[in-house]
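Numbering (our numbering), first residue to last: 27 to 294.
Virtual Cβ for every residue (Gly too), placed ideally from N, Cα, C.
Here is the structure we will look at, set down as structure tokens.
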Amino acid sequence: MSTNSKNLTQYRLRLIILISPLLSLILISRLFYWQIIRGPRLSSKANRQHQVVTNLSAKRGDILDRNGTLLAGTQNLFHLYAYKPLLDQPVSNLPELLSPILASPDASSSALTETKNYLEDRLSLSSSWISLKHFLTHNQKTAIENLNIKGLGFESEFVRYYPEASLSAHVLGFVGSDIAGQEQGYFGLEGYFDRQLKGRSGKVVTEKDAFGNPILIGKFDLLKNIEGRSLKTSLDRKIQFLVESLLKEGLQKYQAAAGNVIIMESKT
Numbered sequence: 027m028s029t030n031s032k033n034l035t036q037y038r039l040r041l042i043i044l045i046s047p048l049l050s051l052i053l054i055s056r057l058f059y060w061q062i063i064r065g066p067r068l069s070s071k072a073n074r075q076h077q078v079v080t081n082l083s084a085k086r087g088d089i090l091d092r093n094g095t096l097l098a099g100t101q102n103l104f105h106l107y108a109y110k111p112l113l114d115q116p117v118s119n120l121p122e123l124l125s126p127i128l129a130s131p132d133a134s135s136s137a138l139t140e141t142k143n144y145l146e147d148r149l150s151l152s153s154s155w156i157s158l159k160h161f162l163t164h165n166q167k168t169a170i171e172n173l174n175i176k177g178l179g180f181e182s183e184f185v186r187y188y189p190e191a192s193l194s195a196h197v198l199g200f201v202g203s204d205i206a207g208q209e210q211g212y213f214g215l216e217g218y219f220d221r222q223l224k225g226r227s228g229k230v231v232t233e234k235d236a237f238g239n240p241i242l243i244g245k246f247d248l249l250k251n252i253e254g255r256s257l258k259t260s261l262d263r264k265i266q267f268l269v270e271s272l273l274k275e276g277l278q279k280y281q282a283a284a285g286n287v288i289i290m291e292s293k294t
């Protein structure tokens with residue numbers, strides 16, 4: 027071997043020895059970046075792509091008078107959504123099919139057109155999963171199910187209602203939403219006993235394939251929901267109605283700004 031060839035070989039060997047640690051350092055730094063720094067975010071993104079989380083709402087407890095008459099209750103309604111990858115109907119057909127059901131039975135032609143336009147706007151979104159309508163009744167849900175359109179689904183949701191309207195409203199309080207959009211009791215019994223009344227929501231976590239179909243042998247996690255506790259009060263609906271009616275008459279008769287009534291058991 028000539029001297030020049032030997033020197034060239036030694037040069038290449040030294041170059042490899044110098045470059046190898048540098049390449050290893052670059053490789054290790056990239057692995058550190060993707061696995062440690064970006065790893066949690068990428069893992070979370072991957073989970074969102076193949077996991078389906080279904081929330082299980084907890085029914086809020088009832089508020090009753092002393093005789094068991096309902097003063098505040100919870101109605102089970104439904105949330106309609108569309109999952110585009112599973113739709114077996116052209117998206118353009120859905121507003122025409124759904125608007126007569128989602129609009130009120132006595133809706134005018136303009137209201138029906140408004141509902142149709144709303145659905146067209148919602149379905150034009152680029153998202154795969156689209157919320158279409160909240161608070162559907164059982165009859166509306168059944169009517170949509172009878173259309174046999176794959177890709178439309180429902181979630182249960184609860185709505186607070188007061189059968190006696192404003193009766194005892196100052197005692198009962200009301201239910202609204204907090205800053206996170208979660209159900210929250212305000213004032214009166216709804217606010218004071220909010221934690222006991224609202225219970226605990228649950229959820230189901232499952233896995234889906236690339237077409238949105240559930241993977242039967244995939245992950246399945248269930249956190250059961252716990253219904254809220256009902257509250258029985260010492261109020262008497264009949265007496266409360268009578269007192270509020272008489273108080274209203276007294277305020278109007280004497281043009282008073284406010285009034286108070288104390289009800290007590292005379293035998294005590």
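Do Asn102 and Phe184 have their CB atoms nearer than 8 Å? yes
Is Phe267 closer than 8 Å to Leu193 when the C-beta atoms are compared? yes
On the CB-based measure, 16 or more other CB atoms within 10 Å of its CB, does Phe104 come out buried or exposed? buried
For Tyr109, which residues from the same chain have a beta carbon less than 7 Å from its beta carbon, with the 5 sequence-adjacent residues on both sides left out? Ser154, Trp155, Gly177, Gly179 and Gly238
Quick one, which of Ile175, Gln61 and Ser292 has its alpha-carbon nearest Leu112's? Ile175
For Asp147, does the count of other Cβ atoms within 10 angstroms reach 16, so buried, or fall short, so exposed? exposed
Helix or strand or just coil, what does DSSP make of Asn81? strand
Tell me, to the nearest whole angstrom, how far the beta carbon of Ala84 is from that of Asn251; I am working on the premise that it is less than 8 Å. 4 Å
Exposed unless 16 or more other CB atoms sit within 10 angstroms - verdict on Ser125: buried
Secondary structure at Glu183, three-state DSSP: helix, strand or coil? strand
Could you spell out where the beta strand (DSSP E) holding Leu103 opens and where it closes? Leu96 to Tyr109
Spatial neighbours of Gln115 within its chain, please: C-beta separation below 7 Å, excluding the five flanking residues on both sides. Ile175
Environment of Gln166 [buried if 16+ CB atoms lie within 10 Å]: buried
Residues near Gly202 in its chain [Cβ-Cβ closer than 7 Å; skip 5 each side]: Gln210 and Tyr212
When you compare only the Cα positions, how much space is there between Ile117 and Leu151? Checking the sequence, you will find Val at residue 117 rather than Ile. Their backbone Cα atoms lie some 11 Å apart in a straight line.
Nearest to Glu291 (by Cα), restricted to the options Gly276, Ala283, Ile265 and Ala282: Ile265
Determine the contact status of Leu249 and Lys224, defining contact as a CB-CB distance below 8 Å. no
Beta-carbon spacing of Gln208, Gly254 below 8 Å: no
Ile91 burial status per 10 Å Cβ neighbour count (16 or more: buried): Before going further, note that residue 91 is Asp rather than Ile in the sequence given. Asp91 should be labelled buried.
Just checking my contact of Leu198 with Leu97 at CB under 8 Å: how many whole Å lie between their CB atoms? 6 Å
Using the C-alpha atoms, what's the distance from Leu277 back to Ala283? 7 Å
What do you reckon, are the CB atoms on Ser157 and Tyr107 nearer than 8 Å? yes
Once DSSP output is grouped into helix, strand and coil, what is the label at Phe219? coil
For Pro189, which residues of its own chain have a beta-carbon under 6 Å away from its beta-carbon, when the five flanking residues on both sides are left out? Leu96
Buried or exposed, going by whether 16 or more other CB atoms sit within 10 Å of the CB of Pro121? buried
C-alpha distance - Asp262 paired with Val287, whole-angstrom precision: 14 Å
So, Asp247 versus Val231, is the Cβ gap smaller than 8 Å? yes
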